Amino acid sequence: MLRTATRSPNFSIYAEATENLFMPWTMAALDEHGVPIQIAKKLSSLLDQYDLDRTIQDLRALDVTDLPDFTDFERKLVASVQGSI
1 MLRTATRSPN FSIYAEATEN LFMPWTMAAL DEHGVPIQIA KKLSSLLDQY DLDRTIQDLR
61 ALDVTDLPDF TDFERKLVAS VQGSI
């Protein structure tokens, strides 16, 4: 019987993507600052996606009145997070 060496697959990339809900890690990290994932997805095109410090700076500088696709509740939530970060 011939045995071939097999390597175990590396699932680390998939595990990381799953942990971040298949979003850039900076968007997933906003959840820890009080921004729900659903709102972070809507904000993702407006914020830096590679550096958390820049993401937070972008979020602070964001004009919530200029978010036409957001409900009043979402705008108020983003504004409250802006005041706490």
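First residue of the sequence shown? That's 1 in my numbering, and the numbers climb one at a time after it.
Backbone N, C-alpha and C fix where the C-beta goes; we use that ideal spot for every residue, glycine too.
These numbers come from a predicted model, not from an experiment.
First and last residue of the uninterrupted alpha helix (DSSP H) at residue i
i: Arg54; result: 52–61
i: Gly83; result: 72–84
Residue i versus residue j: straight-line alpha-carbon distance, rounded
i: Arg75; j: Ile85; result: 16 Å
i: Leu46; j: Ala15; result: 26 Å
i: Thr28; j: Ala17; result: Before going further, note that residue 28 is Ala rather than Thr in the sequence given. Cα-Cα distance, rounded: 10 Å.
i: Val64; j: Val78; result: 7 Å
Integer-rounded CB distance, given that residue j should sit under 8 Å from residue i
i: Met23; j: Ser44; result: 7 Å
i: Arg60; j: Gln38; result: About 20 Å; that fails the 8 Å criterion.
i: Asp48; j: Thr71; result: About 24 Å; that fails the 8 Å criterion.
Outcome for residue i when other beta-carbon atoms lying within 10 angstroms are tallied against a minimum of 16
i: Ala40; result: buried
i: Thr55; result: buried
i: Leu90; result: Nothing in the structure corresponds to residue 90, since the chain is present only between 1 and 85.
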